[in-house]
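Novice: I have a structure here, written as structure tokens, and I will follow up with some questions on it.
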Amino acid sequence: MNDRLELLYAARKRALEAEAVVFDVEDEAELVPALSLAIDSARDQGERAERSFRLQVLADLLSRVFDGGAMALLLGILNDDDDSARDRASTAIGREGRDRLPLLARVALDALDDGLEGPALIELPGLLLDVGDDEDPPPLDVLVRLLDHDDANVAAEAACALGEVDVEGVRELLESFVEDERPLSDAVDGPPTLGALVEEVLMALSLEGELSDGSDLGDPMEG
92 MNDRLELLYA ARKRALEAEA VVFDVEDEAE LVPALSLAID SARDQGERAE RSFRLQVLAD
152 LLSRVFDGGA MALLLGILND DDDSARDRAS TAIGREGRDR LPLLARVALD ALDDGLEGPA
212 LIELPGLLLD VGDDEDPPPL DVLVRLLDHD DANVAAEAAC ALGEVDVEGV RELLESFVED
272 ERPLSDAVDG PPTLGALVEE VLMALSLEGE LSDGSDLGDP MEG
């Protein structure tokens, strides 16, 4: 028990040190580089719990800055192998992204251009869908890039997100993936291939279209 308390005290101390970064920087231009160094320092921690705790604190701090550099660092934490750190980064992006959707889209595209790989790509489509709305829909250019990704699981997440976006041309785009036979990693609980998943998305779109047109699915068939 004492060892665990010492670990928690140490983690809290490190978190406060990370938070102090914000208050020690006088020039705002130095803030994002300082936070980047703090993230590197957190990832160098040998103790996993302390590493995770510090990254979570830094994700919260980055959401207060939330310029392009801070968003890029949040995407980096979203790509971490620690579930708790990723969750905190996702929450931070979701909380602030609704008011800064164009910034989020630009940073995401830049990250893809720079070769971003990892769990962030799985998280990103759903996150973009969550922060978008009818007035500011999720950025199609980012979702299309992810749909065309080599990883079928990334493409599947993008396909599901696109299926929720009421924009002309989405159906035709998805139809081009119906014959895609790449297997999905969660095929035990869902469609076995990307093409099969896309077919389900298209069926849902068709059903939604019929309902929006006022079709009565309960009408008996004429003999």
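Our numbering numbers the first residue of the sequence shown as 92 and each following residue consecutively.
All C-beta atoms in this analysis are idealised placements derived from N, C-alpha and C, irrespective of residue type, glycine included.
Please report the residue range of the alpha helix (DSSP H) in which Gly217 lies.
Specialist: Unbroken alpha helix (DSSP H) run through Gly217: 210-222.
Novice: What is the rounded straight-line gap between the Cα of Leu164 and the Cα of Val292?
Specialist: Approximately 32 Å between the Cα atoms of the pair.
Novice: I'd like the list of long-range same chain contacts for Asp224, defined as Cβ closer than 8 Å, with 5 residues on each side in sequence excluded.
Specialist: Here the set comprises Arg189.
Novice: Grab me the residues of Phe268's own chain with a C-beta within less than 8 Å of its C-beta, minus the 5 sequence neighbours each way, in chain order.
Specialist: Only Leu238, Ala246, Ala250, Leu285, Gly286, Val289 meet the Cβ criterion.
Novice: Using 8 Å for Cβ pairs, my map puts Arg155 next to Arg142. What's the rounded Cβ distance?
Specialist: That pair is no contact at about 21 Å.
Novice: Is Pro228 helix, strand or coil by DSSP?
Specialist: Three-state DSSP puts Pro228 in coil, outside helix and strand.
Novice: For Pro193, which three-state DSSP category applies?
Specialist: Three-state DSSP puts Pro193 in a helix.
Novice: Per DSSP, what kind of secondary structure is Leu107 in: helix, strand or coil?
Specialist: Looking at Leu107 - three-state DSSP - the assignment turns out to be helix.
Novice: With a threshold of 7 Å (Cβ to nearest heavy atom), would Glu97 be considered close to the ligand MN?
Specialist: As presented, the structure is devoid of all ligands, the ligand MN included, so that no description of it is given.
Novice: Does the beta carbon of Ala196 come closer than 8 Å to any beta carbon on chain D?
Specialist: Absence of chain D from the displayed structure is noted, only one protein chain being present.
Novice: Which two residues bound the contiguous alpha helix (DSSP H) that contains Asp151?
Specialist: Counting along the chain, the alpha helix (DSSP H) containing Asp151 begins and ends at 139-156.
Novice: Output the residue ranges of the alpha helix (DSSP H) runs that lie fully inside the stretch 237-267 and measure 4 residues or longer, sorted by chain position.
Specialist: List check, alpha helix (DSSP H) in window: 243-253, 261-266.
Novice: With DSSP collapsed to three states, give me the class of Pro124.
Specialist: Pro124: helix per DSSP, three-state reduction.
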